Structures are given as structure tokens and as C-alpha cells.
Amino acid sequence: MEPVEINAGSCYLRQLRADGFIDDRPALIAAFDDPVFLRFVPGFDLSTTAAADDYVARRAQEWLDGTRCSWAIAEPTTGELLGEVGLKRLDLPHGNAETAIWLRPGARGRGLATTAVGAALRFGFGALGLTAIHYLHEPDNVASGAVAGRCGFTYIGPVLGTRDVRWTVGPGEVA
């Protein structure tokens with residue numbers, strides 16, 4: 000599947016880039032060094048330009064493979080990377096996926112996560128024909144739970160064998 004760009008009003012969703020026009024690598028390295036990010040999304044090491052190159056290439060390949068739709072959340076006038084939103088664990092035959100979202104520290108608290116997740120949900124239900132999208136997060140991540148609630152997800156409960164809790168939303172439930 001080819002990447003799709005989405006104008007979401009207060010932000011622009013586009014593919015992550017590292018080319019002669021836009022270079023998201025410095026912003027990725029800074030974002031993945033944020034203590035709040037590392038607390039809730041452990042296990043990522045994007046401390047070098049080479050690691051950021053691999054990350055951008057992996058996201059592009061996931062689009063092509065149809066396993067993940069991932070967008071850079073960008074400032075609409077400058078293209079500055081503010082975060083990333085996506086539909087991961089994309090299972091088109093069964094009609095479901097899981098939402099992923101993170102924002103750089105300076106982009107938090109402005110409603111961008113809700114806007115970006117809402118746009119990704121509409122793409123998943125409208126363009127991909129998904130029937131259910133899930134949202135998982137650690138219970139301590141109160142901001143993430145608030146985003147799920149504002150986007151129309153219904154709280155399901157703890158995920159066995161993890162610290163995460165699960166929310167779900169269907170096509171007619173997106174806020």
C-alpha cells in the first residue's frame with residue numbers, strides 16, 4: 000500500500016522523511032530521548048542518525064507491506080515533526096488494527112493527539128474498511144487514556160500478561 004497524506008487541520012499527517020527537503024531524524028532522536036516517552040514506550044534506541052534512518056525506512060516498508068500505516072504528525076506550515084500516529088498490527092483480512100501515538104514534549108497539551116488519532120481512525124474505517132481498532136496503554140499514562148476517551152474508544156479493561164489496558168472503537172463510534 001502506498002502512503003497517504005492527511006490534512007487534519009491543526010496538523011498535517013505525512014510519511015516520516017529523511018531526504019533533501021524534510022529531515023525528521025533530528026526530531027526523532029530528540030523525541031526518543033524524552034524521559035516521559037521512554038517511560039511509556041521503553042525499548043527504543045534512536046540515539047544516532049543511523050538508528051533514525053532505520054526507523055524511517057522501517058515505517059516506509061511497513062506501509063508497502065500493509066502491516067502498519069504510520070504518519071508523522073507535522074506542523075502544517077513548516078512541516079516540523081511534532082509526533083507520530085499510526086495504525087499498527089494492521090490485519091486487513093480480519094478488519095482490525097491497534098492505534099499508536101506519541102508527541103514531542105512541546106506538542107503535548109494542545110489537542111494534537113486527539114486530532115491525529117481521530118484522522119487515523121477515519122482513514123482506517125473509511126479507506127481500509129476496518130471494523131475495530133484497539134488502543135492500548137499503561138494505566139499510569141493518564142493523558143493517553145484521556146485521548147482514547149475523547150476519540151470515542153470504549154474502555155475494555157486490563158490486558159492479561161501485560162501492564163496495559165485496552166480500549167476499542169468501531170466505525171460508527173469515532174468522536
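Numbering (numbering that gives the first Met the number 0), first residue to last: 0 to 174.
Every residue gets a Cβ at the ideal spot worked out from N, C-alpha and C, and that includes glycine.
Predicted, not measured: the structure shown is a model, and the values here were computed from it.
Beta bridge counterpart(s) of residue i as assigned by DSSP
| i | result |
| --- | --- |
| N95 | D90 and A131 |
| R51 | First, the residue type needs correcting, since residue 51 is Ala and not Arg in the sequence shown. Answer is none; A51 lacks a bridge partner. |
| E74 | Its beta-bridge partners do not exist; DSSP assigns none. |
Short Cβ contact (8 Å threshold) for residue i with residue j
| i | j | result |
| --- | --- | --- |
| V146 | T113 | yes |
| R165 | G156 | yes |
| E83 | A71 | yes |
| G117 | V173 | yes |
| A51 | L27 | yes |
| L111 | S9 | yes |
| P92 | D33 | no |
| E137 | R162 | yes |
Integer-rounded CB distance, given that residue j should sit under 8 Å from residue i
| i | j | result |
| --- | --- | --- |
| E4 | R13 | 5 Å |
| A96 | G123 | 6 Å |
| I189 | G78 | Past the edges of the chain, shown from 0 to 174, lies residue 189, and the structure says nothing about it. |
| W101 | V55 | With 8 Å as the limit, W101 and V55 do not qualify as a contact, their Cβ atoms being about 15 Å apart. |
| A131 | G169 | 6 Å |
Cβ neighbour criterion (16 or more within 10 Å) applied to residue i
| i | result |
| --- | --- |
| E1 | exposed |
| R158 | Looking at the sequence itself, residue 158 is Val, so the reference to Arg does not match. V158 is exposed by the Cβ-count criterion. |
| L80 | buried |
| F31 | buried |
| D23 | buried |
| A115 | buried |
| T98 | buried |
| A142 | exposed |
| Y134 | buried |
| G85 | buried |
| L129 | buried |
| A126 | exposed |
| A49 | exposed |
| R67 | buried |
| L89 | buried |
| Y11 | buried |
Report the start-end ranges of each beta strand (DSSP E) in the stretch 106 to 160 that is 3 residues or longer and not cut off at the edges. 131 to 136 and 153 to 157
Extract the residue ranges of the beta strand (DSSP E) inside the stretch 4 to 46, only unbroken runs of 3 or more that lie entirely within it. 11 to 13
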